[in-house]
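Take 26 as the starting number for the sequence shown in our numbering and just add one per residue.
Ideal Cβ positions, reconstructed from N, Cα and C, are used throughout, including at glycine.
Here the structure is a predicted model, which means the values were calculated and not measured.
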Amino acid sequence: MRLVFLGPPGVGKGTQAKRVCADQHMAHVSPGDILCEAVRKGTAIGLRAKAAMDRGELVPDSVIIDLIKDRMQASDARRGCVLDGFPRTVEQARALDLMLKAIGLTLDAVFAFTCSREKIVERLSGRRTCRKCGANFHLTYVPPRTPGRCDACGGELFQSEDDRPETITQRLEVYEHQTAPLIQYYQQHGRLLELSAEGDVDSVAADLKRRLAALGRASRARSVVRPAAKRRTAARRRVRRPAARSERRRSR
């Protein structure tokens, strides 16, 4: 099964993608992660990406697509994969579809995680990181034992610029502007499934698991129907051929 997880920052799609991949033995395909890995290893695609970054440019979509193509053809992705946060634009979605068609693959579904803006701001603005060891906390969900201090090393906790309410609001506006056409694109192609991410991590994971099970049953049902339909078509052809030959004999 090949899936795409879409959603605004702070909706929890990355957490759910990792859970699904661990549970279903699927590959977690995060363009950011595989881009960093390719640059670190100095692969041909990684060097193309690094050249763009060194010039202060965005990495071209063609490079990202090539990275995803290689990743989706890796042995651990044969059982399936989850594309986490990609594509982000209709142009990227079209390029992804063309690439998958070229290697004989298709997307099974695109899950769009939805959540109120207020909830997202609460989730992101409460995050804190230790300056010393990088440990992560949340003022509401994973609070430190001592306010402002890391449980592990006692280092100072800080709030990232990206997690300040005004920055979060800007990021959400950019996401909504970019993604509205993308949601429509996948709706038109009959692949979009919306999933509420308002609940806690476990309740969202349970709902997602039920949706994936239903998706799997539907996929298996289609795989049974198609061969049966082919057999019926072949049988009808066999019935028609003798009749056609006898008709030719009479005409002679």
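Inter-residue spacing [alpha-carbon to alpha-carbon] between Tyr200 and Pro33: Here residue 200 is taken as the residue at index 175 of the sequence shown, counted from 1. Here residue 33 is taken as the residue at index 8 of the sequence shown, counted from 1. Each residue's CA atom was taken as its position, placing Tyr200 and Pro33 some 6 Å apart.
Three-pair Cβ contact test at 8 Å for the region 196-216 versus the region 158-166: Contact between the region 196-216 and the region 158-166 is absent, with fewer than three C-beta pairs closer than 8 Å.
Closest residue to Ala42 among Ile193, Arg152, Ser244 and Leu237 (Cα-Cα distance): As a first step, residue 42 must be located in the sequence shown, where it is residue number 17. Nearest C-alpha to Ala42: Leu237.
C-alpha distance - Pro112 paired with Phe136, whole-angstrom precision: To locate residue 112, count along the sequence shown from 1; it is residue 87. To locate residue 136, count along the sequence shown from 1; it is residue 111. One alpha carbon belongs to Pro112, the other to Phe136, and they sit about 12 Å apart.
Between the CA atoms of Leu130 and Met124 - distance to the nearest angstrom: Start at 1 with the first residue of the sequence shown, and residue 124 comes out as number 99. Start at 1 with the first residue of the sequence shown, and residue 130 comes out as number 105. Annotation: Met124 to Leu130 spans about 9 Å, alpha carbon to alpha carbon.
Burial state of Gly37 (16 or more Cβ within 10 Å): Here residue 37 corresponds to residue number 12 of the sequence shown, with the count starting at 1. By the Cβ-count criterion, Gly37 is buried, with 16 or more other Cβ atoms from all chains shown falling within 10 Å of its own Cβ.
Under the three-state DSSP convention, the category Ala134 falls into: Position 109 of the sequence shown holds residue 134. DSSP places Ala134 in strand when its eight states are reduced to three.
Local conformation of Cys106 per DSSP, three classes: Against the sequence shown, residue 106 aligns to sequence position 81. It is a strand residue.
Distance between Pro56 and Ile128 (C-alpha atoms, nearest Å): Along the sequence shown, one-based indexing puts residue 128 at 103. Along the sequence shown, one-based indexing puts residue 56 at 31. Using only the alpha carbons, I get a separation of about 19 Å.
Short CB-CB distance (under 8 Å) between Gln212 and chain D: The displayed structure is made up of one protein chain only, and chain D is not part of it.
Element boundaries [beta strand (DSSP E), containing Glu219]: Residue 219 sits at position 194 when you count from the first residue of the sequence shown. Leu217 to Ser221 is the extent of the beta strand (DSSP E) around Glu219.
Whole runs of the beta strand (DSSP E) within the region 190-250, excluding any shorter than 3 residues: With a minimum length of 3 residues, the continuous beta strand (DSSP E) runs that stay inside the region 190-250 are 217-221.
Buried versus exposed, by CB contacts within 10 Å (16 or more), Phe138: As a first step, residue 138 is located in the sequence shown; it is residue number 113 there, counting from the start. Phe138 comes out buried.
For Ile90 and Ser150, the rounded distance between their alpha carbons: Within the sequence shown, numbered from 1, the residue matching residue 150 stands at position 125. Within the sequence shown, numbered from 1, the residue matching residue 90 stands at position 65. Using only the alpha carbons, I get a separation of about 32 Å.
The region 91-111 / the region 171-184 touching (three or more Cβ pairs under 8 Å): Counting Cβ pairs under 8 Å, fewer than three are found: no touch.
Any 3 or more C-beta pairs closer than 8 Å across the region 65-74 and the region 113-120: Taking 8 Å as the limit for Cβ pairs, the verdict is that the region 113-120 does not touch the region 65-74.
Arg153, enclosing alpha helix (DSSP H) - first and last residue: Start at 1 with the first residue of the sequence shown, and residue 153 comes out as number 128. First-last for Arg153: Arg152 to Cys155, but that is the beta strand (DSSP E), not the alpha helix (DSSP H).
Distance between beta carbons of Asp133 and Ser244, contact taken as under 8 Å: Numbered from 1 along the sequence shown, position 219 holds the residue referred to as residue 244. Numbered from 1 along the sequence shown, position 108 holds the residue referred to as residue 133. Correct: roughly 7 Å between the Cβ atoms.
DSSP-derived helix/strand/coil call for Leu60: Translated into positions along the sequence shown, residue 60 becomes position 35. Leu60: helix per DSSP, three-state reduction.
Glu82 in three-state terms, based on DSSP: Here residue 82 corresponds to residue number 57 of the sequence shown, with the count starting at 1. Of the three classes helix, strand and coil, the one that applies to Glu82 here is coil, per DSSP.
Ala99 (DSSP reduced to helix, strand or coil): As a working note, residue 99 is residue 74 in the sequence shown. Note: Ala99 maps to coil in three-state DSSP.
Option in Ala239, Arg153, Phe162 and Lys144 with minimal Cα separation from Glu223: Locating residue 223 in the sequence shown gives position 198, where the first residue counts as 1. Of the listed residues, the one whose Cα sits closest to Glu223 is Lys144.
Proximity winner among Arg103, Ala246, Ala77 and Glu147, relative to Asp225 (alpha-carbon distances): Position 200 of the sequence shown, counted from the first residue, corresponds to residue 225. Proximity to Asp225 across Arg103, Ala246, Ala77 and Glu147 peaks at Glu147, based on C-alpha coordinates.
Selection from Thr154, Glu191 and Pro172 that minimises the alpha carbon distance to Phe183: Reading the sequence shown from its first residue, position 158 is the one you call residue 183. Comparing Cα-Cα distances from Phe183 to each of Thr154, Glu191 and Pro172, the minimum goes to Thr154.
Inter-residue CB distance, Val107 and Leu28 (contact presumed, cutoff 8 Å): Residue numbering aside, residue 107 sits at position 82 when the sequence shown is read from its first letter. Residue numbering aside, residue 28 sits at position 3 when the sequence shown is read from its first letter. At roughly 5 Å, the Cβ-Cβ gap stays under 8 Å, so Val107 and Leu28 are in contact.
DSSP three-state assignment for Ala177, whether helix, strand or coil: Sequence index remark: in the sequence shown, residue 177 carries index 152 (1-based). Of the three classes helix, strand and coil, the one that applies to Ala177 here is coil, per DSSP.
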